[in-house]
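Here's the structure, in structure tokens; my notes come after.
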Amino acid sequence: MALGIKICGLKTDKALAAALAGGASHVGFIFFAKSPRYVEPAEAGRLREAAIGKAKAVAVTVDAGDVFLDEIVEKMRPDMLQLHGSETPERVAEIKARYGLPMMKALLVGEAADLERIRPFVGIADRFLFDAKPPKGSELPGGNGIAFDWRVLAGLDAGVDYMLSGGLNAANIGDALRLANPPGLDISSGVESAPGVKDPALIEQFFQAVRAARDNRAA
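Each residue of the sequence shown is one higher than the one before, starting from 1 at the first, in this note's numbering.
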């Protein structure tokens, strides 16, 4: 099975080039003003040109209204929308119908019981993203560099398509793959030298660590 990998929160040509060189299946652009990874829709549209035919471009939003979503879709032309807020199943269905794009719904996980929250979204969301719950006081729903207990994902139905997010980096990705065996990975702060500053060298190291971990498991 091919392992999907999304490098999220991209803002520069160099970081995007490193993600594509490493073999990213998805590249993510964040449209949440409080995030240090925020990028304007027009700039994301310029950046994503380099990914055409190589990786799917994902627009990451947090409880965005229709006017802002219209601007993102028009100027960025994403392949997929990621909804990382408190969107209801009805809202996800509404956005999906409005734009005709695949939907990835992010859900925050702290314990096994939190996985029950996917049920109302099954058949509406095309994919899930499981992220750790943010620390108290954080204004960011994701990108906080915090992991959850990946072992809770063992109880998921085999047919659930998802990306694992939250606190991933080159040092722990082997454990994440061994404990959760996810179909996809999403990394942001784990390849940064400072909040919002992607480091091409760290991106390369992450892909090397993923390949090494998979080679070890296959051996």
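The beta carbon of each residue, even a glycine, is placed where N, CA and C say it ideally should be.
Is residue i helix, strand or coil by DSSP?
i      : result
Ala235 : One cannot answer for residue 235 here, as it falls past the ends of the chain, which runs 1 to 219.
Leu185 : strand
Glu192 : strand
Gly22  : helix
Lys105 : strand
Asp63  : coil
Leu132 : Inspection of the sequence shows that residue 132 is occupied by Ala rather than by Leu. It is a strand residue.
Leu156 : coil
Leu16  : helix
Leu177 : helix
Can you find a C-beta in chain D that's less than 8 Å from the C-beta of residue i?
i     : result
Arg77 : You won't find chain D in this structure, because it holds only one protein chain.
Which residue's Cα is closest to the Cα of residue i: the options?
i      : options                           : result
Lys11  : Asp215, Asp199, Gln205 and Arg217 : Asp199
Ala158 : Gly167, Asn181, Trp150 and Asp149 : Asn181
Leu153 : Gly110, Gly65 and Gln208          : Gly110
Val191 : Pro183, Ile173 and Gly184         : Ile173
Ala194 : Ser35, Ile5, Val62 and Ala24      : Ser35
Lys133 : Val122, Pro120 and Leu115         : Leu115
Asp13  : Val27, Gly4, Ile5 and Ala2        : Val27
Leu156 : Ser86, Leu179, Ile95 and Glu94    : Leu179
Gly123 : Ala112, Arg98, Trp150 and Glu90   : Glu90
Ile5   : Phe68, Gly196 and Arg211          : Arg211
Leu168 : Ser189, Val197, Lys96 and Gln208  : Ser189
Tyr99  : Leu69, Gly85 and Ala125           : Leu69
Cys8   : Asn216, Gly184, Asp215 and Ala213 : Gly184
Ala171 : Asp66, Leu202, Val197 and Phe29   : Leu202
Phe121 : Ala147, Ile146, Phe148 and Ser86  : Ser86
Ala33  : Val92, Val62, Ala55 and Lys54     : Val62
Ala209 : Gly196, Val197 and Asp175         : Asp175
Strictly by DSSP, which residues pair up with residue i?
i      : result
Ile5   : Leu185
Met76  : BP columns for Met76 are empty, so no partner.
Lys34  : Beta-bridge pairing links Lys34 to no other residue.
Gly28  : Val58
Ala125 : Val122
Val197 : Ala194
Tyr99  : Its beta-bridge partners do not exist; DSSP assigns none.
Leu83  : Thr61 and Lys105
Leu164 : Phe130 and Leu185
For residue i versus residue j, is the C-beta spacing smaller than 8 Å?
i      : j      : result
Leu107 : Ile118 : yes
Leu177 : Arg151 : no
Check whether the region 38-54 touches the region 68-82, counting contact only when three or more Cβ pairs, one atom from each stretch, lie closer than 8 Å.
The region 38-54 makes contact with the region 68-82: 3 or more CB pairs, one atom from each, lie closer than 8 Å.
Below 8 Å, can you find three or more Cβ-Cβ pairs linking the region 37-45 to the region 13-24?
Short answer: they don't touch.
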